[in-house]
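Trainee:
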Amino acid sequence: MIDIWRHESAPFILCQHFTYSVGTMVPPLLLGPFLTDRIENVTITNSSIVESMEASAELYIPFSVVAALIISGIVMHCGLGMAYKNRAIVYGVNSSAVEHLKDIPEDEGLSVLEDTLKRKICLVALACFIIGFYSALELCTSQFLPTFSNFSDVHLSQSEAAKVLFGLQLGFSIGRLVGIILVLRIAPQFLFVGNFTVILVSNIILSVLGGSSVTWLWIGSVSIGVGMSTVYPVLYAYIEKYIFVNTTVAGVITVAGGMVSSIYPLIVGNSVEKNPRILTYVNFVSIAVCTAAFFVLFWTTQARSKREKEFRGGTTIHFKSIPTE
Numbered sequence: 089m090i091d092i093w094r095h096e097s098a099p100f101i102l103c104q105h106f107t108y109s110v111g112t113m114v115p116p117l118l119l120g121p122f123l124t125d126r127i128e129n130v131t132i133t134n135s136s137i138v139e140s141m142e143a144s145a146e147l148y149i150p151f152s153v154v155a156a157l158i159i160s161g162i163v164m165h166c167g168l169g170m171a172y173k174n175r176a177i178v179y180g181v182n183s184s185a186v187e188h189l190k191d192i193p194e195d196e197g198l199s200v201l202e203d204t205l206k207r208k209i210c211l212v213a214l215a216c217f218i219i220g221f222y223s224a225l226e227l228c229t230s231q232f233l234p235t236f237s238n239f240s241d242v243h244l245s246q247s248e249a250a251k252v253l254f255g256l257q258l259g260f261s262i263g264r265l266v267g268i269i270l271v272l273r274i275a276p277q278f279l280f281v282g283n284f285t286v287i288l289v290s291n292i293i294l295s296v297l298g299g300s301s302v303t304w305l306w307i308g309s310v311s312i313g314v315g316m317s318t319v320y321p322v323l324y325a326y327i328e329k330y331i332f333v334n335t336t337v338a339g340v341i342t343v344a345g346g347m348v349s350s351i352y353p354l355i356v357g358n359s360v361e362k363n364p365r366i367l368t369y370v371n372f373v374s375i376a377v378c379t380a381a382f383f384v385l386f387w388t389t390q391a392r393s394k395r396e397k398e399f400r401g402g403t404t405i406h407f408k409s410i411p412t413e
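Below you can see the structure in the form of structure tokens.
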């Protein structure tokens, strides 16, 4: 999407993420009826055993639906790839930019290019920190929020906890739907700050009040979903203004996100049943790292923008995608 639409790609990325968030609302609704509640100090009769066995036997239904959705997604992805396999990226540079580059002394040009490479590595590294710790926050919150609801003082049943997760995904979807419009009117750095402000407030609500009040648990869950809704596309929209985000750059950032995300569940999963608030504690760590990294990213890009404009001499380079023969 970035290759096709470049600077205008943010709304299209948000549309894709919106449909993803709509899809994430399905599992809680699909699995909720098949989740059994914990029963303690209750005499088990023959009828209850039969009902439990019947419920377990029906588990093939939600998993069959999930398998069908996965297969349909693969088919649609293959069809889309075949339809647009003959598109190539063309880099167009206007004539004034070419003339300006010819006038730059060779030594100065090499110095600027080397400096640009260092800056690109720096920006990609900062983006890796942000995406990595944010991905861990999003994954852990979505994965362990039902466990948090189940083992905190509110002691929700598994089916009720699944509904709370649905509330988070509902806020996720609503935020991304609204974000499609906001990303066209508000600078990405302001949206990013707004996102993490909402995430911080929501995490405080979950940590202080969410464990003892069902109402505040729902408020914190829905609002943190809204806060997480546009982080991905907003960050890519911001860094794409300063570096060319090709498949290599996007791949490095994605791998970084996966590496950090793989560590957080090990930390939270071992302690969340004994201390449910561990989920909010690791979220605070992610918020702090992402905020600090984005501050450095913003300072780096703004401090060097003036020099970059002077190097280009006020000219611009345009990227577009056209079909090949």
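Numbers given in my numbering equal positions in the sequence shown, counted from 1, plus 88. Here a beta-carbon is modelled for each residue, glycine too, at the ideal position from N, C-alpha and C. None of the values given here were measured: they were computed from a predicted structure.
Spatial neighbours of G220 within its chain, please: CB distance less than 6 Å, with the 5 preceding and 5 following residues excluded, ordered by chain position.
Mentor: For the purposes of this step, residue 220 is taken as the residue at position 132 of the sequence shown. Same-chain partners within the cutoff: A344, G345 and V348.
Trainee: DSSP state of N358, grouped into three classes?
Mentor: Taking the first residue of the sequence shown as 1, we reach residue 358 at position 270. Coil at N358, not helix or strand.
Trainee: Hey, could you find the ends of the alpha helix (DSSP H) R273 is sitting in?
Mentor: Within the sequence shown, the letter at position 185 stands for residue 273. Unbroken alpha helix (DSSP H) run through R273: Q246 to R273.
Trainee: What residue range is occupied by the uninterrupted alpha helix (DSSP H) comprising Y320?
Mentor: Position 232 of the sequence shown, counting from 1, holds the residue named residue 320. It spans V319 to I327 - the alpha helix (DSSP H) in which Y320 sits, taken as one unbroken run.
Trainee: May I ask you to check if the CB of K251 is nearer than 6 Å to at least one heavy atom of the ligand SAH?
Mentor: With respect to the ligand SAH, the structure shown offers nothing to examine, as it has no ligands at all.
Trainee: Given this structure, state the Cα-to-Cα distance separating L211 from L279, to the nearest angstrom.
Mentor: One-based indexing of the sequence shown puts residue 211 at position 123. One-based indexing of the sequence shown puts residue 279 at position 191. Between L211 and L279, the C-alpha separation is close to 19 Å.
Trainee: Report, in whole angstroms, the separation of the C-beta atoms of L423 and F106, which I expect to be a contact under 8 Å.
Mentor: With the chain running from 89 to 413 in the structure shown, residue 423 is simply not present.
Trainee: Using the Cα positions of L214 and T379, report the straight-line distance between them to the nearest angstrom.
Mentor: Taking the sequence shown and counting its residues from 1, one reaches residue 214 at position 126. Taking the sequence shown and counting its residues from 1, one reaches residue 379 at position 291. So the two alpha carbons sit approximately 11 Å from each other.
Trainee: For N238, which residues in the same chain have their Cβ closer than 7 Å to its Cβ, ignoring the five residues on either side in sequence?
Mentor: By 1-based counting over the sequence shown, the position of residue 238 is 150. Correct list, in chain order: L244, Q246 and A249.
Trainee: Would you please state the rounded distance, in angstroms, between the beta carbons of L367 and F260? I believe it to be under 8 Å.
Mentor: Walking along the sequence shown from the start, residue 367 turns up at place 279. Walking along the sequence shown from the start, residue 260 turns up at place 172. L367 to F260, Cβ: 17 Å. No contact.
Trainee: Would you identify the three-state DSSP class for I132, choosing helix, strand or coil?
Mentor: Numbered from 1 along the sequence shown, position 44 holds the residue referred to as residue 132. Here the model assigns I132 a pLDDT of 48, short of 50, so the residue's position is not dependable, and the following value carries that caveat. I132 falls in the coil class under three-state DSSP.
Trainee: Who are the Cβ neighbours of I331 in its own chain at under 6 Å, not counting the five residues just before and after it?
Mentor: As a first step, residue 331 is located in the sequence shown; it is residue number 243 there, counting from the start. Once the five neighbours on either side are set aside, the close Cβ partners of I331 are K208 and L211.
Trainee: Buried or exposed: where does V153 fall if 16 or more other Cβ atoms within 10 Å of its Cβ makes it buried?
Mentor: Mapped onto the sequence shown, residue 153 falls at position 65. With fewer than 16 other Cβ atoms within 10 Å, it is exposed.
Trainee: According to the Cβ coordinates, are I375 and L297 closer than 7 Å?
Mentor: Here residue 375 refers to the residue found at position 287 when the sequence shown is read from its first residue. Here residue 297 refers to the residue found at position 209 when the sequence shown is read from its first residue. Not closer than 7 Å, so no.
Trainee: Can you tell me whether P364 is helix, strand or coil according to DSSP?
Mentor: By one-based count along the sequence shown, residue 364 stands at place 276. Residue state, collapsed to three classes: coil.
Trainee: Between which two residues does the alpha helix (DSSP H) holding S152 run?
Mentor: On the sequence shown, position 64 is the one that residue 152 refers to. Y148 to A171 is the extent of the alpha helix (DSSP H) around S152.
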